[in-house]
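S.K.: Going down the list, the protein sequences come from chains A and B. Count the first sequence with my numbering and you get residues 730 to 1167, in order. Count the second sequence with my numbering and you get residues 27 to 547, in order. We treat Cβ as the ideally placed atom computed from N, Cα and C, and that holds for glycine. Here it is: the structure, laid out below.
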Amino acid sequence: MGFPHKPHERESLVLSKHFGEREAIGLDGWRARGGYTALQKALAMQPAEIVQLVKDSGLRGRGGAGFPTGVKWSFMKPGDGKPHYLVCNADESEPGTFKDREIMRWTPHALVEGCAIGAHAIGAEVAYVYIRGEYTEALEKMNAACKDAYAAGILGKNAMGTGKTVHVYVHKGAGAYICGEETAMMNSLEGKRGNPRIKPPFPAVSGVFGQPTTINNVETLAAVPHIINNGAAWYQAFKRADNPKSTGTKLYSVCGNIQRPGNYEVPMGFPFKDFLYDLCGGPLSGRQFKAIIPGGISVPIQTRDEAEATLMDYEGFVANGTMLGSGGVIVIDDAQNLVKQIARAARFFAHESCAQCTQCREGTAWTTKILERIVAGEGTHEDFDTLLEIAENMTGKTICVLSDSCATPVISGLTKFRADFEALIKKKKVHMVPAQVA
Amino acid sequence: MADAKMVNLTIEGRAVSAPEGTMILEAAKLAGVLVPHYCYHPGLPVAGVCRMCLVEVEKSHKLAPSCATAVAEGQVVHVHSEKAIEARKGVLEMLLINHPLDCPICDQAGECELQDYTYQEGRGEGRYRDPKRFNPVEDFGGDVMYVANRCILCTRCVRFMEDVAKEPVLAVIERGDRALIGKFEGEDLTHPWAGNVIDLCPVGALLSKDSLNKARAWELDRSASVCPGCSQGCNMIVETRDNQVMRLRPRPNDAVNQYFMCDHGRLDYRWMNRRDRVEQPMVMSGGSLAATDWDIALRAAATLLRGKRAHVLASPNLSNEALFLLATLVEKTGGRGTFRVNQGEEAPLAGVDDLALRADRAANVRGAEMAGFTRSDTPLSGLQAGDVLIVADEELAGVDASDVAHAGAVIVIGTTLPSWARHAAAVVLPIANCVEEEGTFTNLRGRVQRFMQAKAAPGLARPSFFAVGDLLAAMGEGKGYWTAAEAFAALAASHEEFAGMSYDTLALKGTMTAGATAGAR
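Set out below in structure tokens:
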């Protein structure tokens, strides 16, 4: 639903069905809404069956990369004698994204259930939920949900009376964007500085505490109970006819220069134009959309034309010059100069760079300085070339993709919205020498 | 290694065969190709953060960090392809944007990897037009000073303290381009091995306070040597300028000290430059020592020894060559040989097996024992009335003339003349110290290692093996030795522990003596 707005009739409410219902937060209310029936069912299934079911459903990672969840789970080999871990990535810190927060605020038990099923599917007895430090309300709700679930025997050494052990622990992050990167998150969980690790080894081989680990996004895990209960075919049905690769519903967080910002849940393949104009109410009065960043600040910026031609699924966004990313839709209208927005984004990345890789540590800060200089009216045309070359040096050469994320809006900005840059150069300040000095 | 599976690949057009699991950067070394790098160091865990060692691997869409990418069968690696060079050029430019470019006043200049690679592959001119970040210089404690502005955050120092010294004192603090190396609250770099971070630092960020502003790297002459600071036998490089030792640095030897050297050994070099040296042979004449020439002094010493037993008190810092010749002298005169060893606190380097600053603060304790000298805290106690006391390179601290009064005569073979000997010595034979001559030490595990001459000996001082060899010749035993290699060859021929060894076979890393089994190193 477009919480805090009423649901739009064109939404497909699966994950967001109970957003805004206070009763759904507690265990009894959640049970009354069919909660934990999926876990009961899943605990009776073999892990391989669950993995196969999730594979069949076509569920893909909702954190940004879109990796097929069932395939990711199949990398874990239950019974290899090692402890396995499931880590739920609830560090939702991608600017423009706030869908996971609503899941945890309104339906914390949905995530606890998803974590428990996921843990069982990969042969793990422990799941960690790593919550972004700033998400105090979500943290509180998740802690309460876990406590109630333990008290009710849903979690623990004899989960739901099946004799299986499922622990879900909530861990509070300390406010670093980079800890949303899965290997940095593992370091952070271990009590180390949140620096991304070199891959290989991949988490499925050596993850948190050096043991096989799977990391899934909140939205991904919250979708799993629905798949267990309703079957793969039901989930498969949420898609456009000509693209079977993206299935299910997706939550989008909409913010920026738009009539009704909020969270919306639509099936894969939904037309972006209808989404923006119909569900979200279109631009503010007297304005027009200029640019859309559809998947959090890290993805390439779309022009209005590109956005309006997009069908909202993994492939649909790629076909129109961007990525689905986290589903954090940032709308920018024609009253804004895009350079300022990009400079702000770059400043964010420069602040959050973990400082390991040279290109990222220096490049993000350098990019920021140039962009802010351009915004201040002190830029030159040479700066454009320098920016593009820095961006090239920052792409595909570092341990994680923070560096690439900073380069992305610069590249798409300079290629698609060059007029905004030119406008600031034309406004360049001319330092006048006073004709007379008194 | 022998049974490791070998992987065949091509690096810069050269066929290379490397054991499975080898990283491309190391494999490239086998092919004689140096991949520029900063954060990688063979003695530290891989960090993969500087992104300097990016190379192009065919069929891979992204450039690979060669320090963290394992070799694979059939891989084709390009180190100097356009794409790889462009990437490294980008890294170099970024490393320099906040760098003060103060090479003319930087101690690291001339041995700086940032300077070297920038000259080699970097851009002629930077494009950075904005203000540079500034951080003040910080005293890290111990011998280490941190110049944050020059730091490239390769984290070698952090990893050394954490993974090798096992005393994590350093960390990267702050994030983004504000990041710098910081000390933990209340901690200092006082670990006995902390000085290694200075060598590990590829740029001028961590500097030695001891050698600060003392010499330019290109003025220094370098000689391979072995640290005389303790019985570990760490391999080192002696760096001299104008016949003065300026700095000691570790020389890699996997079997002894890997890449490291302790602060005690590193900073204990001033005695090598002492000015109060004995510069010419002397004999006692009319109550005082008078300078003379070597032939007269040697003859005088031989005369004193005729028919007498020699009590030789030798320094455990003398070379094997000198010690074994002294042992011959002891044997020939039916005398005895003793030595004593200065003691200190043992300080292991936790992350390296069997590496420590040893309690025995002398290089050749094992060699002295093998030569038949008796270790004793009271080395003069066996001195019998009428014996000729030969004091070889030992200051006899705490001894005065009365302690040696009952000796028949005293012969000093030494680098300096202790005050008690001014009136007690009958003959003084000046010798070179261990950085002024060539020789071998045997470390505590029985590894025989060569050290080279790094500077000239003062005046008429002669290498110790040469002086003792000539003394024996004057006594009618042998004909002396012209070179240390000859002296060692004679030693190898007559002692089975050294059988088959020669300076050529010892080379620069040494060899274990026959029968030495204790410890892997």
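1) Beta-carbon within less than 6 angstroms of V163 (chain B)'s beta-carbon, same chain only, minus the 5 sequence neighbours each way: which residues are those?
2) Does the Cβ of K886 (chain A) have 16 or more other Cβ atoms within 10 Å, making it buried, or fewer, making it exposed?
3) Expressed to the nearest angstrom, what Euclidean distance is found between the alpha-carbon atoms of E740 (chain A) and C180 (chain B)?
4) With H, G and I counted as helix, E and B as strand and the rest as coil, what does DSSP make of Q1017 (chain A)?
5) Excluding five sequence neighbours on each side, which residues of the same chain lie with their C-beta closer than 7 angstroms to the C-beta of E1121 (chain A)?
6) With DSSP as the reference, identify every bridge partner of M310 (chain B), one or two as the case may be.
7) Between E245 (chain B) and the rest of its own chain, which residues show a CB-CB distance below 8 angstroms, the 5 nearest in sequence each way excluded?
8) I need the straight-line Cα distance from R301 (chain B) to A500 (chain B), nearest angstrom please.
9) So with Cβ pairs under 9 angstroms, would you call A1167 (chain A) a contact of chain B?
10) Measuring CB atoms only, is the region 27-40 of chain B touching the region 1121-1130 of chain A, in the sense that at least three cross pairs come out at less than 8 angstroms?
11) Report the CB separation of E462 (chain B) from P444 (chain B) in whole angstroms; it is logged as a contact under 8 angstroms.
12) When the cut-off is 9 angstroms and only beta carbons count, does K876 (chain A) lie next to chain B?
13) Check for me: the beta strand (DSSP E) holding V876 (chain A) runs from which residue to which?
14) May I have the straight-line CA-CA distance separating G39 (chain B) from E99 (chain B), to the nearest angstrom?
15) To the nearest angstrom, how far is it from the Cα of I956 (chain A) to the Cα of W963 (chain A)?
16) Suppose the cutoff is 8 angstroms on Cβ atoms and the five residues either side in sequence are ignored; what does the same chain contact list for S528 (chain B) look like?
17) Once you ignore the five residues that flank A546 (chain B) on each side, which residues in its own chain have a CB closer than 7 angstroms to its CB?
18) Where are the alpha helix (DSSP H) runs, 4 residues long or more, that stay fully inside the region 226-301 of chain B, in chain order?
19) What residue range does the beta strand (DSSP E) around D1062 (chain A) cover?
20) Helix, strand or coil: how does DSSP classify S982 (chain A) here?
21) For a contact meaning CB atoms closer than 7 angstroms, what does S1082 (chain A) contact in chain B?
22) Quick check on the DSSP output: the alpha helix (DSSP H) that includes G843 (chain A) runs from which residue to which?
23) Three-state secondary structure (DSSP) at A340 (chain B)?
24) Under 8 angstroms by Cβ, that's how I've got F477 (chain B) and V282 (chain B) pegged, so tell me the actual separation to the nearest angstrom.
25) Nearest to M833 (chain A) by CA position, among A:G1092, A:G810, A:K870, is which residue?
26) Between the region 1033-1045 of chain A and the region 1083-1093 of chain A, do three or more beta carbon pairs fall short of 8 angstroms?
27) If we count the other Cβ atoms within 10 Å of its Cβ and call it buried at 16 or more, is D419 (chain B) buried or exposed?
28) For K746 (chain A), count neighbouring C-beta atoms within 10 Å of its own C-beta (all shown protein chains included) and say buried if the count is 16 or more, exposed if not.
29) Closer than 8 angstroms by beta-carbon distance: list the chain A residues that pair up with A205 (chain B), in chain order.
30) From B:L206, B:H217, B:E211, B:E200, pick the residue whose C-alpha is nearest to that of A191 (chain B); which is it?
31) Helix or strand or just coil, what does DSSP make of D165 (chain B)?
32) So G116 (chain B) contacts chain A; which residues on that side make the cut at Cβ distance below 7 angstroms?
33) Using a Cβ-Cβ cutoff of 8 angstroms, what residues of the region 67-79 of chain B are near chain A? List them in chain order.
34) Going by other Cβ atoms of all chains shown within 10 Å of its Cβ, with 16 needed for buried, is K876 (chain A) buried or exposed?
35) Quick test of the definition: if touching needs 3 or more C-beta pairs under 8 angstroms, does the region 962-978 of chain A touch the region 783-795 of chain A?
36) Could you tell me which chain B residues have their CB closer than 9 angstroms to the CB of T1126 (chain A), listed as they occur along the chain?
M.R.: Walking through what the data contain:
1) If you number the second sequence from 1, residue 163 (chain B) lands on position 137. The residues are V173.
2) Walking along the first sequence from the start, residue 886 (chain A) turns up at place 157. By the neighbour-count rule (16 or more Cβ atoms within 10 Å), K886 (chain A) is not buried but exposed.
3) The residue you call residue 740 (chain A) lines up with position 11 of the first sequence. The residue you call residue 180 (chain B) lines up with position 154 of the second sequence. Cα to Cα, the separation comes out at about 50 angstroms.
4) Walking along the first sequence from the start, residue 1017 (chain A) turns up at place 288. If DSSP states are grouped into helix, strand and coil, Q1017 (chain A) belongs with coil.
5) The sequence position of residue 1121 (chain A) within the first sequence is 392, counting from 1. Hits under 7 angstroms: none found.
6) Within the second sequence, numbered from 1, the residue matching residue 310 (chain B) stands at position 284. For M310 (chain B), the beta-bridge partners assigned by DSSP are B:L315.
7) What you label residue 245 (chain B) is simply residue 219 of the second sequence in a count that begins at 1. R267.
8) The residue given as residue 301 (chain B) occupies position 275 in the second sequence. The residue given as residue 500 (chain B) occupies position 474 in the second sequence. For R301 (chain B) and A500 (chain B), the distance between alpha carbons rounds to 30 angstroms.
9) The residue given as residue 1167 (chain A) occupies position 438 in the first sequence. In this prediction, A1167 (chain A) scores a pLDDT of 47, lower than 50, which makes its location untrustworthy; the coordinate-derived value is nonetheless stated afterwards. Not closer than 9 angstroms to any Cβ of chain B, the Cβ of A1167 (chain A) fails to qualify, so no.
10) Three or more beta-carbon pairs separated by less than 8 angstroms are not found between the region 27-40 of chain B and the region 1121-1130 of chain A, which leaves the two stretches without contact.
11) As a working mapping, residue 462 (chain B) is identified with position 436 in the second sequence. As a working mapping, residue 444 (chain B) is identified with position 418 in the second sequence. Incorrect: roughly 19 angstroms between the Cβ atoms, too far for contact.
12) If you number the first sequence from 1, residue 876 (chain A) lands on position 147. Output row for K876 (chain A): interface = no.
13) Working through the first sequence from its first residue, we reach residue 876 (chain A) at position 147. One detail in the question is off: residue 876 (chain A) reads as Lys in this sequence, not Val. Element bounds for K876 (chain A): not the beta strand (DSSP E) but the alpha helix (DSSP H), 865-880.
14) What you label residue 39 (chain B) is simply residue 13 of the second sequence in a count that begins at 1. What you label residue 99 (chain B) is simply residue 73 of the second sequence in a count that begins at 1. When rounded, the distance between both Cα atoms is 15 angstroms.
15) To locate residue 956 (chain A), count along the first sequence from 1; it is residue 227. To locate residue 963 (chain A), count along the first sequence from 1; it is residue 234. Going from the Cα of I956 (chain A) to the Cα of W963 (chain A) covers about 8 angstroms.
16) Taking the second sequence and counting its residues from 1, the one referred to as residue 528 (chain B) is at position 502. Answer for S528 (chain B): A511, F514, A515, A518, listed in chain order.
17) Position 520 of the second sequence, counted from the start, is the residue given in the question as residue 546 (chain B). Only weak support exists for where A546 (chain B) lies, its pLDDT of 43 falling under 50; the coordinates are left without a value.
18) 289-293
19) Taking the first residue of the first sequence as 1, we reach residue 1062 (chain A) at position 333. From DSSP, the beta strand (DSSP E) with D1062 (chain A) extends over 1057-1062.
20) Position 253 of the first sequence, counted from the start, is the residue given in the question as residue 982 (chain A). The answer is strand: DSSP assigns S982 (chain A) an E or B state.
21) Position 353 of the first sequence, counted from the first residue, corresponds to residue 1082 (chain A). By Cβ distance, chain B contributes R201, G202.
22) Here residue 843 (chain A) refers to the residue found at position 114 of the first sequence. For G843 (chain A), the enclosing alpha helix (DSSP H) stretches over residues 837-850.
23) As a position in the second sequence, residue 340 (chain B) is number 314, starting the count at 1. Of the three classes helix, strand and coil, the one that applies to A340 (chain B) here is strand, per DSSP.
24) Residue 477 (chain B) sits at position 451 when you count from the first residue of the second sequence. Residue 282 (chain B) sits at position 256 when you count from the first residue of the second sequence. Rounded, the Cβ-Cβ distance is 13 angstroms, inconsistent with contact.
25) For the purposes of this step, residue 833 (chain A) is identified with residue 104 of the first sequence, where counting begins at 1. Comparing Cα-Cα distances from M833 (chain A) to each of A:G1092, A:G810, A:K870, the minimum goes to A:K870.
26) no
27) Translated into the one-based positions of the second sequence, residue 419 (chain B) becomes position 393. It is buried - the Cβ of D419 (chain B) has at least 16 other Cβ atoms within 10 Å.
28) By 1-based counting over the first sequence, the position of residue 746 (chain A) is 17. It counts as buried.
29) Within the second sequence, numbered from 1, the residue matching residue 205 (chain B) stands at position 179. Neighbours of A205 (chain B) on chain A, chain order: A1084, R1090.
30) Reading the second sequence from its first residue, position 165 is the one you call residue 191 (chain B). If we check each option's Cα against that of A191 (chain B), B:H217 comes out closest.
31) On the second sequence, residue 165 (chain B) is found 139 positions in, with the first residue counted as 1. Reduced to three states, the DSSP call for D165 (chain B) is strand.
32) Your numbering for residue 116 (chain B) matches position 90 in the second sequence. Within 7 angstroms Cβ-Cβ: Q1088, N1122.
33) Listed by position along the chain: V72, A73, G74, V75, C76, R77, M78.
34) The count along the first sequence starts at 1 and reaches residue 876 (chain A) at position 147. Exposed, since its Cβ has fewer than 16 Cβ neighbours within 10 Å.
35) yes
36) Here residue 1126 (chain A) refers to the residue found at position 397 of the first sequence. According to the sequence provided, residue 1126 (chain A) is Lys. The question's Thr does not apply to it. Here the neighbours are R77, L80, K88, L89, P91, A113, G116, V117.
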